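Enquirer: Take 1177 as the starting number for the sequence shown in this note's numbering and just add one per residue. Backbone N, C-alpha and C fix where the C-beta goes; we use that ideal spot for every residue, glycine too. Because the structure is a prediction, the values reported are computed rather than measured. The structure that follows is given in the form of structure tokens.
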Amino acid sequence: FRRCDDRFDRCWLRVGWRRHGTEAMHLDPALPAMRAVGVPPLLQMLSGELGEAEAIARAKQHTRHYVRRQLTWLNRHMGAWNRDVSSYNCV
């Protein structure tokens, strides 16, 4: 799951949640985007409920759990499939 953590770190730096995340604080908490994988701990950080390190750790953990659920579903429903994504230029 190192790739998940690396991707999160790249997105964290690129988007700059510290700077742009405060805009999300003004959105309706009922919006689906506010429940997206990894977003709730980041919102908790912005509101002061969590420190930055803890929020990042939780967001990464939520992402890894989501990937694990996806892989479980794919293995169960798709049988043998190619999991080698190294040739793709993913985010």
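In three-state terms, what does DSSP make of F1184?
Expert: Here F1184 sits in helix by DSSP.
Enquirer: Between the stretch 1232–1240 and the stretch 1216–1223, do at least 3 Cβ pairs fall closer than 8 Å?
Expert: Yes, the stretch 1232–1240 is in contact with the stretch 1216–1223.
Enquirer: On a Cα-Cα basis, can you pick out the residue from R1245, P1205, T1239 that is closest to S1223?
Expert: For S1223, the nearest C-alpha among the options comes from P1205.
Enquirer: Excluding the five sequence neighbours on either side, which residues of its own chain have a C-beta within less than 7 Å of the C-beta of V1243, listed in chain order?
Expert: F1177, C1180.
Enquirer: What separation, rounded to the nearest whole angstrom, lies between the Cα atoms of V1213 and F1184?
Expert: Near 11 Å, if we compare the C-alpha coordinates of F1184 and V1213.
Enquirer: Report buried or exposed for L1226, applying the criterion of at least 16 other Cβ atoms within 10 angstroms of its Cβ.
Expert: Counting Cβ neighbours within 10 Å, L1226 comes out buried, since at least 16 surround it.
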